[in-house]
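Residue numbers (our numbering): 89 to 226.
Have a look at the structure below before the remarks.
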Ligand code: HEC
């Protein structure tokens with residue numbers, strides 16, 4: 089077997105192993121987020137009512153309202169529920185049922201646990217990874 093064939097076969101084998109790893113373990117929801125049914129329902133409501141049109145998660149979204157990544161950690165569930173159920177002069181009142189408000193708050197609680205934005209003291213390891221401090225917990 090000539091060396092070109094050896095290189096060719098090793099590239100194919102490595103690419104297959106890498107793809108297998110990325111598309112199985114890599115896409116698994118291993119951090120336990122969004123395993124809760126209420127939070128999943130909340131995520132659908134978040135999409136249905138297009139909250140991201142005015143709010144950001146991790147800095148991405150519309151800029152009319154504030155970033156809600158750590159809303160629950162910083163201000164708590166009661167505060168968030170009040171805003172979501174009542175609206176304000178600038179935020180619409182979506183006339184949601186109490187359950188729906190709870191689901192949205194549960195979703196925002198999961199987002200809060202997923203990390204912190206903006207990062208206050210990001211560290212950098214010698215091999216270039218960013219180390220993230222713990223999420224702001226309620
Ligand atoms: C039309 C734009 C708009 C949409 C759509 C919108 N919001 Fe808001 N939201 C705002 C604005 C503006 C504020 C700030 C309100 C104020 O201070 O009067 C706000 C405030 C909030 C707050 C309180 C933030 C804080 O820390 O004071 C929460 C929680 C919230 N919105 C959740 C949601 C959720 C959940 C949805 C989707 C169901 C949503 N918003 C959709 C504009 C919007």
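Glycine included, each C-beta is placed from N, C-alpha and C at the ideal position.
These numbers come from a predicted model, not from an experiment.
With C-beta atoms as the reference, is residue 122 less than 9 Å away from residue 184?
Taking the chain shown and counting its residues from 1, one reaches residue 122 at position 34. Taking the chain shown and counting its residues from 1, one reaches residue 184 at position 96. In this structure, residue 184 does not lie closer than 9 Å to residue 122 by Cβ.
Roughly how many whole angstroms lie between the Cα atoms of residue 174 and residue 164?
Your numbering for residue 174 matches position 86 in the chain shown. Your numbering for residue 164 matches position 76 in the chain shown. Straight-line Cα distance between these residues: approximately 16 Å.
Please state whether the Cβ-Cβ distance between residue 218 and residue 196 is less than 9 Å.
Here residue 218 is taken as the residue at index 130 of the chain shown, counted from 1. Here residue 196 is taken as the residue at index 108 of the chain shown, counted from 1. No, they are not a contact pair.
Using beta-carbon positions only, say whether residue 193 and residue 130 come within less than 9 Å of one another.
Working through the chain shown from its first residue, we reach residue 193 at position 105. Working through the chain shown from its first residue, we reach residue 130 at position 42. Yes, the Cβ-Cβ distance between residue 193 and residue 130 is below 9 Å.
So, under 8 Å CB-CB, residue 158 and residue 204 are touching, yes? Tell me the CB distance rounded to an integer number of Å.
In the chain shown, counting from the first residue as 1, residue 158 sits at position 70. In the chain shown, counting from the first residue as 1, residue 204 sits at position 116. Contact flag correct, Cβ pair sits at about 6 Å.
Residue 151 versus 178, 126, 94 and 166, residue with shortest Cα-Cα distance
Residue 151 sits at position 63 when you count from the first residue of the chain shown. Comparing Cα positions, the closest option is 178.
Residue 91: CB within 8 Å of a non-hydrogen atom of the ligand HEC
Position 3 of the chain shown, counting from 1, holds the residue named residue 91. No.
Do you know offhand how far residue 190's Cα is from residue 100's?
The residue labelled residue 190 in the question sits at position 102 within the chain shown. The residue labelled residue 100 in the question sits at position 12 within the chain shown. Residue 190 and residue 100: Cα-Cα distance of roughly 49 Å.
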